[in-house]
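**Student:** Heads up: the sequence shown runs through residues 13 to 190, numbered per our numbering.
In this text, a Cβ means the ideal position worked out from N, Cα and C, and glycines have one as well.
Quick one: structure below, then a few questions.
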Amino acid sequence: MNKTVLLILLSMVLMSCGTSSSARKYTYKKPTATKSVNLKKLNSNYAGNVSGKRASVINDAEYYLGSPYKYAGNTKAGFDCSGLVCKVFDENDMKLPRRSQDQAKAGNSVEVSKVKPGDLLFFATAGGSTISHVGIVHEITNSGEITFIHSSTSKGVIISSLNEAYWNKAFLFARSVL
Numbered sequence: 013m014n015k016t017v018l019l020i021l022l023s024m025v026l027m028s029c030g031t032s033s034s035a036r037k038y039t040y041k042k043p044t045a046t047k048s049v050n051l052k053k054l055n056s057n058y059a060g061n062v063s064g065k066r067a068s069v070i071n072d073a074e075y076y077l078g079s080p081y082k083y084a085g086n087t088k089a090g091f092d093c094s095g096l097v098c099k100v101f102d103e104n105d106m107k108l109p110r111r112s113q114d115q116a117k118a119g120n121s122v123e124v125s126k127v128k129p130g131d132l133l134f135f136a137t138a139g140g141s142t143i144s145h146v147g148i149v150h151e152i153t154n155s156g157e158i159t160f161i162h163s164s165t166s167k168g169v170i171i172s173s174l175n176e177a178y179w180n181k182a183f184l185f186a187r188s189v190l
């Protein structure tokens, strides 16, 4: 009996934000200085500053930094990845589906070179193309680095970079719901 309970708990942790939908894989590479300038030209609507609904989403997400990871959690006491996204957007009068698989169908597709703070990034953390994680774009630096706020199973709500090898390899696509 104890082995069965342990197996179920371990499965839940490993699946954390897992879903069963497949998605197309995109490759993101750290831009060079030249590409960074081109990204700004391509993304003329993003001037590096954030205001309005996007600023509110980022501020609300930052409030939860340091909150622990909790499977199926959607409160400051603990979040899973999709629970954090739901909570932050709910606080901004936007209802999103609870599962990352369903969140991946909301809004509009956006090229990674054109993301803005508040957009959503989707990942396949177990390899392949199955959506298993979601984060909120936090910032795009002058060098083109994209950071995002998410709930990590090991560290809770943190800011990570799409340039980190793990997240770069797991990245699938981006969507805008704002």
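DSSP state of LEU108, grouped into three classes?
**Tutor:** If DSSP states are grouped into helix, strand and coil, LEU108 belongs with coil.
**Student:** For PHE183 and GLY140, what's the separation of their Cα atoms in angstroms?
**Tutor:** Approximately 10 Å, taken between the alpha carbons.
**Student:** How many angstroms separate the CA atom of ASP131 from the CA atom of SER155?
**Tutor:** Roughly 19 Å separates the two Cα atoms.
**Student:** Could you compute how far the alpha carbon of ALA89 sits from the alpha carbon of GLY95?
**Tutor:** C-alpha separation (whole angstroms): 12 Å.
**Student:** May I ask which residues mark the beginning and end of the alpha helix (DSSP H) holding VAL97?
**Tutor:** Run containing VAL97: 93-102, per the alpha helix (DSSP H) assignment.
**Student:** Where do the N-terminal and C-terminal ends of the beta strand (DSSP E) with VAL169 fall, by residue?
**Tutor:** Start and end: 168-173.
**Student:** According to the Cβ coordinates, are GLY147 and SER166 closer than 9 Å?
**Tutor:** Contact flag unset, no.
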